[in-house]
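Chains as they are written, first to last, in full-length UniProt numbering: chain P, 1 to 400; chain C, 1 to 400.
C-beta atoms are modelled at their ideal positions from N, C-alpha and C, and glycine is treated no differently.
There are 2 protein chains.
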Amino acid sequence: MTESPPATPQLLRRVSAGAVLEFLRASQAVTVTEVMEATGLTRATAISVCEDLMARGWIRELENQRAFGGYQKGRPARRFELNERAGYVLGMDVGVSKATVVVADLRGRTLGRSTQAFARADIPAEERVAVVDRTALLALAGSGASPDAVLAVCAGIAAPVDRHGDVLVRQHFWELFDVGLKTALLEMRGWTVLLENDANLAALGDRWQGAAAGVDDVVVILASERLGAGLIDNGRLLHGRDGGAGELAFLEWVEGVGDTYGIAFLARNWAAEALAGTAGTTLRKYAADGVEAEHVFAAAAAGDAVARQILDRVAVRMARVVGAVATLLNPELVVIGGAVANSADMLLGAITERLAQFTATPPRVAVSPLGDSIVTAGAVRRALDYVEQNSLDLELTAAG
Amino acid sequence: MTESPPATPQLLRRVSAGAVLEFLRASQAVTVTEVMEATGLTRATAISVCEDLMARGWIRELENQRAFGGYQKGRPARRFELNERAGYVLGMDVGVSKATVVVADLRGRTLGRSTQAFARADIPAEERVAVVDRTALLALAGSGASPDAVLAVCAGIAAPVDRHGDVLVRQHFWELFDVGLKTALLEMRGWTVLLENDANLAALGDRWQGAAAGVDDVVVILASERLGAGLIDNGRLLHGRDGGAGELAFLEWVEGVGDTYGIAFLARNWAAEALAGTAGTTLRKYAADGVEAEHVFAAAAAGDAVARQILDRVAVRMARVVGAVATLLNPELVVIGGAVANSADMLLGAITERLAQFTATPPRVAVSPLGDSIVTAGAVRRALDYVEQNSLDLELTAAG
DNA sequence: GCATCTTTATATTGATTCTAAATTTAGTGC
DNA sequence: GCACTAAATTTAGAATCAATATAAAGATGC
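Written out as C-alpha cells, the structure reads:
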C-alpha cells in the first residue's frame, strides 16, 4: 500500500537512526552504552549513528559529566542528548474571535505564547490569516526563536477537518480560511501547516499532558459553549469520512432539538429562564448584566438551590452524552475539557452517579487540568508528532 | 514502542521479501520484470527473493508460459505466482445454537464448509469446544486440506472481545468458552486461534467482499435478532477498552427501554402485537404457529397495510440508529447485514428517506450481499490478515 | 607512583544485502 | 544461420551491521 522506498542498505541506517532518535527523545543525557541496550545495536554502530545525528543537528554531545549516573569507575562515557532547540513547532488555536499561538521546543516545552483578537468576527479570510501570522511572529519573538527554525505548525479550528487536513464539509465560516492559512504560511514563511479540528486536538492534548495521559481509549469532550468530542481508539484519532467524527448532535436529533449546547451555554440560558420566573435565588444580583456560567457555579457552591438545580440538569444532560458515547465506543475514560473545565469539577460527582442510567459500560469520567490551553497543547503535540515522524527527511536550518 | 528487531542486514531481506509477497498476493502469475517494477528492486535481487520465497513454499514457478502477456520477443520470462495452497485458514462463526466453519486457501477462496448444531443451548464449554473442533475437521476433510496445514483460525462470537482477543467483560455464557477454545485447538491441533466479536467480523467481511469493498470509513450493523455494529475508521476496527465498541443500546437507554432489538425480532414482535388487535391483515394465517419476520416482509411486498406499517416502524427505528452512529462517527457508508439482509433490501428506501431527520451527515446506506455468511467471511479475512502479517515468521509444513 | 581494574572508544575483519554494469541465454523472425 | 530482443546470470562494488581485538581514559589500591 504505502509506496515505501525499495529496501536499499541505506534503509537500515534510517531504521537505526530512527530508533536512536526515538530513544533520545524519551530520555535525558544518555551514554552510548544505554543507546546500545535500548536499540540492540553494537557500540560501533551506535556511535556512528549518534555522530550522524549530531552532524545533522538533531542531538548534541555533553561535556564529560561523570557524576551523572553516580557511577565512578572506568573510562568516562560520552553523553548525548536531544538538541531540543534544533527547531521549534507552533501550536495554534484559531477561534471565531481570537487566535492563540504557542511556541514549543522539540521536547514540547512552551517557550512563548501570544493571543490576538480579530477586529470583528466577520473579517475576510485573508485578514484573518494576516492576524494569525502576526500572532505567530509575536510569539516567536517572545521566545527567542527564529521563524526559519519552525519545523511544523498545527492549527485547530472549530470545523470538521478530515484526516488529510482538508476542510471538506464546506462551512461558510472557514471556507476560505483553511487553504488560505496553509498557502499563506507556506509561501511567506516556508512553514508546513497541519489543520485539525479543535476537539480532536483537545483529545491529543489531554492524552499528552492531561487527565488521559497514557490512556489508549479515550473520549475528550470540549464542553464550554458547544459540545464537540475528540475520539481516540487504540491511541488513534478517529476522523470519519469528512472529519465529522465526534459530533454529539445525535441526542438532540433524537429529542428534536437540533443543536449541541455546551455546559457554559446551558448554565447561562437556564439561569436566564429561572430569573424570568419568581424563584428566590442569589443569582438575581447578576440579572442586570446577564448571568454568566461562572456565577451559577459560584452560587451553587454557596448553596443556592436554584443554581444547584440548574447544575443538576446540566449534569444529567452530560451524563446522557457520556453514556451514549460510552455505549458506542467503550472508552476507558471520558474527559471534560475546555475553558469551563475548572468549574466543571463540581459536576463530576453528579455525572458519574447518573452514568449507570445511560450505559452498561460506564467509563471513568475526569475533568481536564489543561483548562483553555487544551487545544494549543494538542496542536503542539500534533506538530511534534509530525516532526518526529519526519525527522530524518527534514533539513535543519543552522539557526537555533 | 514496538520492540522491533535491531536493524540488522537481514531486516532488508525481510522487507524485500514482504514487498514481493504482498505484490504476488495481489496479482496472478507475474514475471520478474513485473516484480521489479512493483517493488523497485533490481532484477538480481528480485530473482533472489523469489527463489527464497519458493524454497520456503510461499510461491511457485509456472512452466514457461510465453503466451501469457501476448508478447513474443526476447528470452522467455520465468513466471511466479502465489502458492495459494501453501496453507489454509479457518473462519468460524460460533453461535448459541450452532457452529459454522469455513476452510479457505491463501487467496481466500472457500474450499469447504460445515455446520453443526449444539445438542442444547446450555451444554458445558468443553463440549461446545469439542463440537467446534469436530466441525472444523469435517470442513477440512471436505476440502482435501490437512489439519497440519492450517496456519490460522479466527472465531467470531456474540460477545465483546478486546483487541487482544480476550473476553474481558465476563459474560456468563462465553466465560469458559473463549480460553477453552484457544487452548484446546492449540494443544490438540497446533492451531493459532484469534477470537473476535461477530459484528466486528461482519464489518471485516463486508469490507472484503460485500457492499463496503474499498470503503475506509464504514459501519456494519448485524441486525437480525439483536443489533450489534462493527465500526471501521480509516480501515481499522475499533474495539474500545474491553471490546465493547459497537454496542447500540444507547438509544434504548435514552428512551428507557434497555435492550437492543434487531429487525427480525422487532418485525416478529410487532406482528404479534398487531394480531392481538382486530386489524384485518393477511398475517393472520400465520398466527397459529407464530408469525416470522419473513412473513411480514412477504405480506408487505404483497401489499398488506398492517405489514407495511410494521416495516415502517422498523425503518424509523433503524434510521434513528444509523443517524446516531452517522453523527458520532461520520462514516461514508452504513451496511445492514446478517441473515435478515436479504429481506432488509425492502427497508433501504424508507431508512434512507428518514435519515435526514436524524443526522446532518447522512451516509450511504446499503444491505450486505453476504447474507448470513458475513461473519465467516470476516473470520476468514481476519485469519488471512494474520497470516499475511506473519508470513515470514511462519513455517510451512510440507503438506499441501 | 605504578600496576591493576573497569568501562568506553576505536579499528579490523567478515557477513549480508543491495545496486549497477557487463555478459550470457533462450527464444522469435527473416 | 543470423540478427534481434528481452530475460537471466555473473561480476564488481558499496553500505551497513556484528563480532572481535586493541587502545584509551580514568579510578583504585598498595
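Under 9 Å between C-beta atoms of residue i and residue j
{"i": "A136 of chain C", "j": "L194 of chain C", "result": "no"}
{"i": "L328 of chain C", "j": "A229 of chain P", "result": "yes"}
{"i": "D233 of chain C", "j": "L238 of chain P", "result": "yes"}
{"i": "residue 408 of chain C", "j": "G91 of chain C", "result": "In the structure displayed, chain C extends from 1 to 400; residue 408 of chain C sits before or after that span and is not available."}
{"i": "G244 of chain C", "j": "P160 of chain C", "result": "yes"}
{"i": "V306 of chain P", "j": "L181 of chain P", "result": "no"}
{"i": "D206 of chain P", "j": "G18 of chain P", "result": "no"}
{"i": "G246 of chain P", "j": "N197 of chain P", "result": "yes"}
{"i": "R364 of chain C", "j": "E388 of chain C", "result": "no"}
{"i": "D217 of chain C", "j": "G165 of chain P", "result": "no"}
Residue from the options whose Cα sits closest to the Cα of residue i
{"i": "V367 of chain P", "options": "P:E127, P:V334, P:I123, P:G228", "result": "P:V334"}
{"i": "S143 of chain C", "options": "C:C154, C:W174, C:T110, C:A223", "result": "C:T110"}
{"i": "A203 of chain P", "options": "P:E34, P:R189, P:V219, P:G290", "result": "P:V219"}
{"i": "S114 of chain P", "options": "P:P124, P:A99, P:A271", "result": "P:A99"}
{"i": "T383 of chain P", "options": "P:V306, P:F80, P:V101, P:D178", "result": "Per the sequence presented here, residue 383 of chain P reads as Ala, with Thr not at that position. Among P:V306, P:F80, P:V101, P:D178, the Cα nearest to that of A383 of chain P is on P:V101."}
{"i": "D289 of chain P", "options": "P:A271, P:P363, P:A302", "result": "P:A271"}
{"i": "L82 of chain C", "options": "C:A199, C:A55, C:S97, C:W191", "result": "C:A55"}
{"i": "F80 of chain P", "options": "P:V96, P:V20, P:D105", "result": "P:V20"}
{"i": "W174 of chain P", "options": "P:A121, P:T192, P:A341, P:A77", "result": "P:A121"}
{"i": "A360 of chain P", "options": "C:D242, C:E22, C:V94", "result": "C:D242"}
{"i": "E225 of chain P", "options": "P:A339, P:K73, P:C154, P:R134", "result": "P:A339"}
{"i": "A77 of chain C", "options": "C:D52, C:I47, C:A199, C:I59", "result": "C:I47"}
{"i": "T352 of chain P", "options": "P:P362, P:I123, P:R75", "result": "P:P362"}
{"i": "A293 of chain C", "options": "C:N269, C:R313, C:A279, C:A274", "result": "C:N269"}
{"i": "D385 of chain P", "options": "P:P9, P:S16, P:E22", "result": "P:E22"}
{"i": "R25 of chain P", "options": "P:D52, P:E51, P:I59, P:V49", "result": "P:I59"}
Reduced DSSP secondary structure (H/G/I, E/B, other) of residue i
{"i": "D233 of chain C", "result": "strand"}
{"i": "E247 of chain P", "result": "coil"}
{"i": "D93 of chain C", "result": "strand"}
{"i": "V314 of chain P", "result": "helix"}
{"i": "residue 428 of chain C", "result": "As shown, chain C starts at 1 and ends at 400. That puts residue 428 of chain C outside it, with no answer to give."}
{"i": "L283 of chain P", "result": "helix"}
{"i": "I123 of chain C", "result": "coil"}
{"i": "F118 of chain P", "result": "coil"}
{"i": "K98 of chain P", "result": "strand"}
{"i": "G323 of chain C", "result": "helix"}
{"i": "E187 of chain C", "result": "helix"}
{"i": "A194 of chain P", "result": "Ala is not the amino acid found at residue 194 of chain P; the sequence shown has Leu there. Correct three-state label for L194 of chain P: strand."}
{"i": "F23 of chain C", "result": "helix"}
{"i": "T31 of chain P", "result": "strand"}
{"i": "E294 of chain C", "result": "helix"}
{"i": "E273 of chain C", "result": "helix"}
{"i": "A213 of chain P", "result": "coil"}
{"i": "A155 of chain C", "result": "strand"}
{"i": "R79 of chain P", "result": "strand"}
Cut-off 7 Å between Cβ atoms - residues of its own chain near residue i, not counting five sequence neighbours on either side
{"i": "G256 of chain C", "result": "In this prediction, G256 of chain C scores a pLDDT of 44, lower than 50, which makes its location untrustworthy; no coordinate-derived value is stated."}
{"i": "D304 of chain P", "result": "T281, T282, L283"}
{"i": "R43 of chain C", "result": "V32, M36"}
{"i": "R354 of chain C", "result": "A315, V316, A319"}
{"i": "R128 of chain C", "result": "F118, F177"}
{"i": "R14 of chain C", "result": "L392"}
{"i": "R308 of chain P", "result": "A300"}
Cβ shell of residue i (< 6 Å), same chain only, five flanking positions each side left out
{"i": "G112 of chain C", "result": "V103, A139, G142, S143"}
{"i": "G57 of chain C", "result": "A86, L396"}
{"i": "Y286 of chain P", "result": "H295"}
{"i": "V167 of chain P", "result": "A159, V161, W174, D178"}
{"i": "R107 of chain P", "result": "E84"}
{"i": "N330 of chain C", "result": "T361"}
Residues of its chain near residue i, where Cβ-Cβ distance is below 8 Å and the 5 sequence neighbours each way are ignored
{"i": "L311 of chain P", "result": "A267, V296, F297, A300, M346, L347, A350"}
{"i": "V254 of chain P", "result": "In this prediction, V254 of chain P scores a pLDDT of 49, lower than 50, which makes its location untrustworthy; the coordinate-derived value is nonetheless stated afterwards. Contacts found: none."}
{"i": "V321 of chain C", "result": "I221, L227, L248, L251"}
{"i": "R134 of chain P", "result": "Q116"}
Assumed close pair residue i, residue j - CB separation to whole angstroms, cut-off 8 Å
{"i": "Q209 of chain P", "j": "L370 of chain P", "result": "6 Å"}
{"i": "V89 of chain P", "j": "A149 of chain P", "result": "Actually they are not in contact, since the Cβ atoms of V89 of chain P and A149 of chain P sit about 10 Å apart, beyond 8 Å."}
{"i": "G262 of chain P", "j": "L201 of chain P", "result": "The pair is not a contact, with the Cβ atoms about 17 Å apart (cut-off 8 Å)."}
{"i": "L41 of chain C", "j": "P9 of chain P", "result": "That belief does not hold up - the Cβ atoms of L41 of chain C and P9 of chain P are roughly 13 Å apart, past 8 Å."}
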